[in-house]
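Numbering (this note's numbering), first residue to last: 2 to 287.
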């Protein structure tokens with residue numbers, strides 16, 4: 002048999018095996034579970050890279066969502082987190098306002114703080130703008146800098162970088178280098194997901210890089226998320242559960258997430274029942 006014919010037969014056999022693996026992956030993931038690459042590789046008797054290729058192919062077909070170390074059903078990702086910030090401001094507004102209110106006790110006069118860019122963090126910045134706190138604030142979101150500009154007790158720095166039109170945030174190497182030249186008493190960010198095993202998750206490697214940098218440069222690192230983010234998943238680990246100091250949220254999380262936070266020593270700051278009304282007082286509508 003000629004070499005070319007042998008290669009053709011091998012490719013056909015490989016394609017059939019790949020199709021069979023992918024079909025079984027879809028069957029497993031249809032149960033609503035998150036699948037780990039290493040477990041799938043052991044199950045099929047192939048390399049982890051082979052499984053990753055299968056998962057990439059299925060993701061490109063829109064049949065699943067890749068996450069750190071595996072794959073999950075598309076429905077477990079918070080797709081709203083991918084929308085432009087102006088749209089996200091109107092989604093879950095009351096929950097975000099309450100979560101922002103819950104974060105206020107973290108601030109003290111004279112602090113040097115970093116505020117990451119997100120719709121929830123913008124609500125927090127607007128709440129801070131109404132308080133007579135003397136703060137040095139660094140941010141990578143244009144809207145946050147603008148919201149705090151009218152507060153004479155805050156000194157505001159806007160980091161450099163490449164402006165992303167959808168999020169109004171500055172990103173890239175210049176942003177990271179600027180962060181590395183600063184040390185913060187407190188850094189706060191929003192997030193698209195919290196997983197009880199992996200911690201804070203986000204949609205891109207950029208979010209993970211920001212999380213790593215703030216983990217080194219901030220004495221305390223907190224995330225401000227509404228309760229819908231608990232138990233969700235996403236593609237990248239932004240900050241492992243052992244690298245968090247506090248989470249501010251609007252409601253008590255589910256039992257698994259609460260237990261994980263308690264075990265890791267994370268301070269859970271939960272909004273009071275009237276937090277939304279309090280946060281809205283004197284505030285401008287989003």
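Backbone N, C-alpha and C fix where the C-beta goes; we use that ideal spot for every residue, glycine too.
**Message:** Since residue 247 and residue 270 should fall inside the 8 Å C-beta cutoff, what is the C-beta to C-beta distance between them, to a whole number of angstroms?
**Reply:** Right, their Cβ atoms sit about 6 Å apart.
**Item:** Terminal residues of the beta strand (DSSP E) in which residue 165 lies
**Value:** For residue 165, the uninterrupted beta strand (DSSP E) run begins and ends at 163-165, by DSSP.
**Item:** C-beta contact flag for residue 242 and residue 192 at 7 Å
**Value:** Their beta carbons are not under 7 Å apart, which means residue 242 does not touch residue 192 by this criterion.
**Message:** If you reduce the DSSP assignment to three classes, tell me which class residue 244 lands in.
**Reply:** DSSP places residue 244 in the helix class (H, G or I) of the three-state scheme.
**Asked** Roughly how many whole angstroms lie between the Cα atoms of residue 39 and residue 108?
**Response** Between residue 39 and residue 108, the C-alpha separation is close to 42 Å.
**Request:** For the alpha helix (DSSP H) containing residue 142, list its first residue and its last residue.
**Result:** Counting along the chain, residue 142 falls outside any alpha helix (DSSP H), and DSSP gives it neither H nor E.
**Item:** Classification of residue 198 by the beta-carbon crowding that lies within 10 angstroms, buried from 16 upward
**Value:** Under this definition residue 198 is an exposed residue.
**Message:** Taking 8 Å as the cut-off, does the segment 93-100 touch the segment 227-239 (at least 3 CB pairs, one atom from each stretch)?
**Reply:** Verdict: yes, contact present.
**Request:** State the DSSP-derived secondary structure class of residue 80, mapped to helix, strand or coil.
**Result:** Low local confidence applies: a pLDDT of 49 at residue 80 is under 50, so the model's placement there is unreliable, with the coordinate-based value given in what follows. Correct three-state label for residue 80: helix.
**Message:** Using 8 Å for Cβ pairs, my map puts residue 235 next to residue 68. What's the rounded Cβ distance?
**Reply:** With a beta-carbon spacing of about 6 Å, residue 235 and residue 68 fall inside the 8 Å limit used to define contacts.
**Request:** Return the Cβ separation of residue 151 and residue 163 in integer angstroms, given the expectation that the two are a contact with Cβ distance under 8 Å.
**Result:** Your pair residue 151 and residue 163 does not check out as a contact, with CB atoms roughly 27 Å apart and the cut at 8 Å.
**Prompt:** If you draw a straight line from the C-alpha of residue 80 to the C-alpha of residue 154, how long is it?
**Reply:** Here residue 80 scores only 49 on pLDDT, less than 50, and its place in the model should not be relied on; the value that follows carries that caveat. Cα to Cα, the separation comes out at about 37 Å.
**Message:** Taking only three categories from DSSP, how would you classify residue 225?
**Reply:** Secondary structure of residue 225 (DSSP, three-state): strand.
**Request:** Would you kindly work out how many angstroms separate the C-alpha atoms of residue 231 and residue 161, rounded to a whole number?
**Result:** If you take the alpha carbons of residue 231 and residue 161, they lie about 32 Å apart.
**Request:** Report the three-state DSSP secondary structure of residue 268 (helix, strand or coil).
**Result:** Residue 268 falls in the strand class under three-state DSSP.
**Asked** What does DSSP give as the partner residues of residue 156 in its beta bridges?
**Response** According to DSSP, residue 156 bridges with 137.
**Item:** Where residue 195 falls: helix, strand or coil (DSSP)
**Value:** It is a strand residue.
**Prompt:** So residue 176 packs on residue 118, CB below 8 Å; how close in whole Å?
**Reply:** Wrong, their Cβ atoms sit about 10 Å apart, outside the cutoff.
**Request:** Might you give, ordered along the chain, the residues of its own chain that have their beta carbon closer than 7 Å to the beta carbon of residue 106, omitting 5 neighbours on each side?
**Result:** Here the set comprises 270.
**Message:** Do residue 189 and residue 221 have their beta-carbon atoms positioned less than 7 Å apart in this structure?
**Reply:** Cβ distance not < 7 Å, so residue 221 and residue 189 don't count as in contact.
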